[in-house]
Amino acid sequence: MLSKMQKIWLGIFGVMFLIPEILWSPILSFLLFFLGVEQTNLLSIFFKNYDFSIFISLIIVLVEFIGAFGLFIINMKIKNKLFSVIFGIILLWLIFIMFLSIGFSKMNIGW
Numbered sequence: 001m002l003s004k005m006q007k008i009w010l011g012i013f014g015v016m017f018l019i020p021e022i023l024w025s026p027i028l029s030f031l032l033f034f035l036g037v038e039q040t041n042l043l044s045i046f047f048k049n050y051d052f053s054i055f056i057s058l059i060i061v062l063v064e065f066i067g068a069f070g071l072f073i074i075n076m077k078i079k080n081k082l083f084s085v086i087f088g089i090i091l092l093w094l095i096f097i098m099f100l101s102i103g104f105s106k107m108n109i110g111w
């Protein structure tokens with residue numbers, strides 16, 4: 001059973017993960033980019049003409065990473081193995097996205 005403090009942190013980390021994913025969906029956008037699917041989403045429209053778009057994109061992914069990491073830690077503490085594995089995979093995917101985003105920005109390649 002979760003204590004009141006754990007429930008509060010679970011809610012905070014859940015919101016930190018879900019809000020960026022709902023608004024900009026960086027995980028889905030990145031996957032569709034590599035699959036070659038043409039897309040127009042809020043992230044690409046919002047950052048289309050700005051030079052600092054990679055910086056804001058990385059902040060969005062970083063906030064989502066912190067939320068997923070917090071959810072991973074809480075699920076490890078309450079010994080929920082299924083959600084721990086799911087959030088572990090999401091964490092690895094977000095790290096992959098951050099490194100490739102930085103690499104693409106250095107080569108002036110991007111979505």
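Under full-length UniProt numbering, read the sequence shown as residues 1 to 111, first letter to last.
By construction, the Cβ of each residue, glycine as well, lies at the ideal position given by its N, Cα and C atoms.
Evaluate Ile90 with the Cβ neighbour count: other Cβ atoms within 10 Å of its Cβ, from every protein chain shown; 16 or more gives buried, anything less gives exposed. The residue labelled residue 90 in the question sits at position 90 within the sequence shown. Ile90 comes out buried.
For the alpha helix (DSSP H) that Val15 lies in, which residues bound it at each end? As a working note, residue 15 is residue 15 in the sequence shown. Lys4 to Leu23 is the extent of the alpha helix (DSSP H) around Val15.
Pairwise C-alpha distance: Phe69 and Ile19: Position 19 of the sequence shown, counted from the start, is the residue given in the question as residue 19. Position 69 of the sequence shown, counted from the start, is the residue given in the question as residue 69. Taking the straight line from one Cα to the other gives about 15 Å.
CB of Phe65 within 8 Å of CB of Asn75, strictly: In the sequence shown, counting from the first residue as 1, residue 65 sits at position 65. In the sequence shown, counting from the first residue as 1, residue 75 sits at position 75. No; because the gap between Cβ atoms is not below 8 Å, this pair is not in contact.
Pick from Gly88, Leu100, Val63 and Ile86 that is closest to Phe17, judged by C-alpha positions: Residue numbering aside, residue 17 sits at position 17 when the sequence shown is read from its first letter. Per the Cα distances, Val63.
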